[in-house]
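Visitor: Quick one: this structure, given as structure tokens, is what I'll be asking you about.
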Amino acid sequence: MKLQSISLAILLSVGLVGVAQAAVVGESSDIGNIVVGSTGSLGPTHPNSGVGFGVNTLYNGAIVAFSGFNGYADGNGVVRLSPYLPGLPASHAGIGYANYKQVPTQDVWFGEWNAEAKDASGKRLGTVDPATHTVYYNGKDADTSVPSTGTANYSVQGVNNYNGSNLLSGTFTANFATKQLTGSLSDSSRTFNLGTATINNDATISGSNASWTTNPSAGAGTVSGQFYNSQSSLAGIATFNNNVHDVAFGGKK
């Protein structure tokens, strides 16, 4: 799946792809479904409060703050959105199913989204459409450089087809001398391995050998990510030939 990187400074500037022009930097695995960027004020229910995301089937992808939905977080701190949330207006039926999480104390977020499945007649089925699985991350105060020496360990979590009890967690290690990022994330039955990703001089992260060690048939995944806040945190995504295996992750030192 083709990755599209977005760095936005103003609300709804979704046409800037692969250009770092602002401190808010993020990425979506499919900008036909989800866009990320800076928020603007969309009224009292969606204040201008940092970084956010937009669903293209909802108000033309208007970007709203991740933090505006914190009241829907579960016991793991994962915000869970669906078209059937209590009190959700009918105009928001296109919101789909989203699971996303904040990196603690940072305005840095990572998550996944699926459209709602429909039958041949267009009837809504109340379940996710796996073919639309999209992963994303977005954060404020993105770094533009990294140290040339030293190492750092990051406590990282991730989501892949999150169901309320399968949050991935683990440790990533950044070696700034060798410019390598390694680590893995696991739940009770699955393990995702980042492979050996490259820490680029501009503070981005790239790789091509991520894997699901518990599901080798998924093949090799492509990693893309970003360091934030003087390398105090990171976030990213890994995408595979079959997007059902795609992962979003984020963590801090």
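Throughout the sequence shown, residue numbering follows mature numbering (1 follows the signal peptide of the UniProt record, and there is no 0), covering -22 to -1, 1 to 231 in sequence.
Even for Gly, the Cβ is constructed at its ideal location relative to N, Cα and C.
(1) Do the segment 130 to 139 and the segment 114 to 122 meet, that is, are 3 or more Cβ pairs less than 8 Å apart?
(2) I believe Val106 touches Ala95 by the beta-carbon criterion, under 8 Å. Please report the beta-carbon distance rounded to the nearest angstrom.
(3) Flag this pair as touching only if the segment 2 to 18 and the segment 55 to 72 have three or more C-beta atom pairs under 8 Å; answer yes or no.
(4) Suppose you measure from the CA of Gly203 to the CA of Ala181; what does that come to, to the nearest Å?
(5) In this structure, how does DSSP classify Asn221 when only helix, strand and coil are distinguished?
(6) Give, in chain order, every unbroken run of the beta strand (DSSP E) that is at least 3 residues long and sits entirely within the segment 103 to 186.
(7) Among Ile9, Asp52, Thr151 and Val29, which one has its Cα closest to the Cα of Val2?
(8) Ala198 and Ser189 - do their beta-carbons sit closer together than 8 Å?
(9) Please classify Ala43 as buried or exposed, where buried requires at least 16 other C-beta atoms within 10 Å of its C-beta.
(10) Taking the alpha-carbon of Glu5 as reference, which of Ser162, Trp87, Asn171 and Asp165 has the nearest alpha-carbon?
(11) Less than 8 Å between the beta carbons of Asp165 and Asn193, yes or no?
(12) Could you please give me the residues that DSSP links to Phe88 through a beta bridge?
(13) Buried or exposed: where does Asn48 fall if 16 or more other Cβ atoms within 10 Å of its Cβ makes it buried?
(14) Closest to Lys157 by CA distance: which of Arg168, Leu146, Gly128 and Phe170 is it?
(15) Cutting at 7 Å between CB atoms, please list the residues of its own chain near Gly72, excluding the five before and the five after it.
(16) Where does Tyr62 fall in DSSP's three states?
(17) Less than 8 Å between the C-beta atoms of Asn131 and Thr149, yes or no?
(18) In whole angstroms, what is the alpha-carbon distance linking Ala93 and Thr151?
(19) Indicate the three-state DSSP secondary structure (helix, strand or coil) for Ser45 in the structure shown.
(20) Val56 and Asn38: beta carbons closer than 8 Å?
Guide: In terms of the structure at hand:
(1) no
(2) By 1-based counting over the sequence shown, the position of residue 106 is 128. By 1-based counting over the sequence shown, the position of residue 95 is 117. The pair is a contact, with the Cβ atoms about 6 Å apart (cut-off 8 Å).
(3) no
(4) Walking along the sequence shown from the start, residue 203 turns up at place 225. Walking along the sequence shown from the start, residue 181 turns up at place 203. Computed Cα separation, rounded: 9 Å.
(5) Here the question's residue 221 lines up with position 243 in the sequence shown. Note: Asn221 maps to helix in three-state DSSP.
(6) 112 to 117, 129 to 137, 146 to 153, 158 to 164, 169 to 171 and 175 to 177
(7) Numbered from its first residue, the sequence shown carries residue 2 at position 24. That would be Val29, whose Cα lies nearest to the Cα of Val2.
(8) Numbered from 1 along the sequence shown, position 211 holds the residue referred to as residue 189. Numbered from 1 along the sequence shown, position 220 holds the residue referred to as residue 198. Cβ distance < 8 Å, so Ser189 and Ala198 count as in contact.
(9) To locate residue 43, count along the sequence shown from 1; it is residue 65. Answer is buried; the Cβ neighbour count reaches 16.
(10) The sequence position of residue 5 within the sequence shown is 27, counting from 1. The option with the nearest alpha carbon to Glu5 is Trp87.
(11) Numbered from its first residue, the sequence shown carries residue 165 at position 187. Numbered from its first residue, the sequence shown carries residue 193 at position 215. Against a cut-off of 8 Å, the Cβ pair of Asn193 and Asp165 comes out as no contact.
(12) The residue you call residue 88 lines up with position 110 of the sequence shown. Phe88 is bridged to Lys79 and Tyr115.
(13) Position 70 of the sequence shown, counted from the first residue, corresponds to residue 48. With fewer than 16 other Cβ atoms within 10 Å, it is exposed.
(14) As a first step, residue 157 is located in the sequence shown; it is residue number 179 there, counting from the start. It is Gly128.
(15) In the sequence shown, residue 72 corresponds to position 94, counting from 1. Within the same chain, Gly72 has close Cβ partners Val33, Thr35 and Leu36.
(16) Stepping through the sequence shown from its first residue, residue 62 is reached at position 84. It is coil, neither helix nor strand.
(17) Start at 1 with the first residue of the sequence shown, and residue 131 comes out as number 153. Start at 1 with the first residue of the sequence shown, and residue 149 comes out as number 171. Yes. Within cutoff.
(18) Numbered from 1 along the sequence shown, position 115 holds the residue referred to as residue 93. Numbered from 1 along the sequence shown, position 173 holds the residue referred to as residue 151. In a straight line, the C-alpha of Ala93 is about 34 Å away from that of Thr151.
(19) As a working mapping, residue 45 is identified with position 67 in the sequence shown. Of the three classes helix, strand and coil, the one that applies to Ser45 here is helix, per DSSP.
(20) Against the sequence shown, residue 56 aligns to sequence position 78. Against the sequence shown, residue 38 aligns to sequence position 60. For Val56 and Asn38, no; Cβs fall outside 8 Å.
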